[in-house]
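Report on the following structure.
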């Protein structure tokens, strides 16, 4: 597996090179897009990005869990979790990238 991580600055640099905006404007654009996505998820909305995938928030109910080491029952509080489901196109693209 690759050790490379795509960062906000990498995205801003790609926008700078592809679109031709200044580096500052590119960074602001990336921050704005990520901010809109975050705000929508906090509001409980689904975020669908065509050919990429869908981000959504799920409410998980409270339940009883078990400490695997001691076997003691422990309450797990209700919470909201972020989920991502990739599109079929993204799955196919990632799978074809694994072929040598």
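In the UniProt record's numbering, the protein residues as written are 1 to 100.
Where is the CB? At the ideal position from N, CA and C, for every residue including glycine.
Note that the coordinates shown come from a computational prediction; the quantities given were computed from them, not determined experimentally.
- For residue 56, the secondary structure class from DSSP, reduced to helix, strand or coil, is strand.
- Three or more Cβ pairs closer than 8 Å define a contact, and the stretch 15-28 falls short of that threshold against the stretch 37-55.
- Annotation: the continuous alpha helix (DSSP H) that includes residue 34 extends over 23-42.
- Residue 47 has 55 as its beta-bridge partners, per DSSP.
- About 24 Å separates the Cβ atoms of residue 66 and residue 83, ruling out a contact at the 8 Å cut-off.
- Taken atom to atom, the span from the alpha-carbon of residue 36 to that of residue 69 is near 42 Å.
- If you look at residue 73, you'll find it in the beta strand (DSSP E) that goes 73-76.
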